[in-house]
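Step one of this worksheet: look at the structure below.
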């Protein structure tokens, strides 16, 4: 069963940790009496110390309030009394990069489960990526960037993250909406749906950036599937035509 809960990522640390604890407690109410989770997995964007479970995010408009704090210990302190009476130390927390978690979920139990090699691209605040082979995250092969992260690879007059990101989309929008108020991503998508020529032109140009940046990695890695996610991917129908066409010609399933 999949359920959605707000992350409260912009709130103070007490709200963030209490929210996490409440979600865990709520999910445990569906377990038999005196049964509790023995493991909890949590996905976070970077920068983050995934081994220690400590957020290193600052100035990204999310999770600023929990910078440097031990997430596992802070959540355990806020679990309900019934849960505290048990051996909470026996509950293991695992932390994973959010893009990698998204990719693993899609490859293990999602739409890409029938693919052996998968390239995952998440476009939002930045350009997140992951390369998988037989359900394993690939980080140190010659045919992919270090850690499987394409965001800092050279691209045009900067790096990929400068272009395949919210700020990259907004820069293009600023060029097309010059003297007008520049719409944000959701507004651009709404305008495109209404056939607004400027919004369509923005997404067309953004799509060319995506093609130019991503296709070389697809050619080099040769995946069976290409998985696209992230906030900006909600507008994929407006900018994904070129990437879809390439994948179809190359025999790559695109999700």
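Numbering (the working numbering), first residue to last: 1085 to 1339. No residue lacks a Cβ here, since even glycine has one placed at the ideal position from N, Cα and C. Bear in mind that the values here come from a model prediction, so they are computed numbers and not experimental data.
Distance, Cα to Cα, residue i vs residue j?
i: residue 1085; j: residue 1339; result: 21 Å
i: residue 1315; j: residue 1208; result: 5 Å
i: residue 1169; j: residue 1206; result: Reliability of the predicted coordinates at residue 1169 is poor, the pLDDT of 49 falling under 50, and no value is obtained from them.
i: residue 1200; j: residue 1335; result: 13 Å
i: residue 1266; j: residue 1116; result: 53 Å
i: residue 1288; j: residue 1324; result: 9 Å
i: residue 1273; j: residue 1256; result: 14 Å
i: residue 1092; j: residue 1147; result: 8 Å
i: residue 1318; j: residue 1307; result: 23 Å
i: residue 1241; j: residue 1280; result: 29 Å
i: residue 1302; j: residue 1202; result: 9 Å
i: residue 1320; j: residue 1118; result: 46 Å
i: residue 1264; j: residue 1099; result: 38 Å
i: residue 1152; j: residue 1139; result: 6 Å
i: residue 1322; j: residue 1164; result: 46 Å
i: residue 1087; j: residue 1225; result: 36 Å
i: residue 1261; j: residue 1195; result: 37 Å
i: residue 1249; j: residue 1291; result: 12 Å
i: residue 1282; j: residue 1143; result: 31 Å
i: residue 1309; j: residue 1114; result: 35 Å
i: residue 1133; j: residue 1160; result: 18 Å
i: residue 1141; j: residue 1271; result: 27 Å
Considering only the beta carbon of each residue, do residue i and residue j sit closer than 8 Å?
i: residue 1311; j: residue 1204; result: yes
i: residue 1145; j: residue 1094; result: yes
i: residue 1286; j: residue 1327; result: no
i: residue 1149; j: residue 1106; result: no
i: residue 1176; j: residue 1101; result: no
i: residue 1110; j: residue 1137; result: no
In chain order, what residues of the same chain lie with their CB nearer than 8 Å to the CB of residue i, ignoring the 5 residues before and after it?
i: residue 1090; result: 1103
i: residue 1332; result: 1338
i: residue 1219; result: 1188, 1191, 1192
i: residue 1221; result: 1184, 1187, 1188, 1214, 1215, 1232
i: residue 1123; result: 1175, 1176, 1177, 1178
i: residue 1299; result: 1327, 1330
Can you name, in chain order, every residue of its own chain whose Cβ lies under 6 Å from the Cβ of residue i, other than the five neighbours on each side?
i: residue 1245; result: 1210, 1211, 1235
i: residue 1127; result: 1180, 1182, 1185
i: residue 1129; result: 1182
i: residue 1258; result: 1266
i: residue 1313; result: 1186, 1206
Going along the chain, which residues of its own chain have a beta-carbon closer than 7 Å to the beta-carbon of residue i, five neighbours each way excluded?
i: residue 1197; result: 1191
i: residue 1223; result: 1231, 1232
i: residue 1125; result: 1178, 1180
i: residue 1135; result: none
i: residue 1237; result: 1229, 1243, 1244
i: residue 1247; result: 1239, 1240, 1293, 1297
i: residue 1349; result: With the chain represented from 1085 up to 1339, any question about residue 1349 goes unanswered, as that position is not in the structure.
i: residue 1131; result: 1140, 1141
State the CB to CB distance for the pair residue i and residue j, rounded to an integer number of angstroms; the pair is presumed to be in contact (CB under 8 Å).
i: residue 1253; j: residue 1269; result: 6 Å
i: residue 1217; j: residue 1304; result: Their Cβ separation, rounded to whole angstroms, is 14 Å, which puts residue 1217 and residue 1304 out of contact at 8 Å.
i: residue 1369; j: residue 1297; result: Since the first residue of the chain shown is 1085 and the last is 1339, residue 1369 is not available in this structure.
Going by DSSP, name the residue or residues bridged to residue i.
i: residue 1216; result: 1202, 1221
i: residue 1132; result: 1139
i: residue 1181; result: 1128
i: residue 1312; result: 1205
i: residue 1154; result: 1138
i: residue 1123; result: 1176
i: residue 1286; result: Partner(s): none; residue 1286 has no beta bridge.
i: residue 1238; result: 1243
i: residue 1337; result: 1309
i: residue 1211; result: 1207
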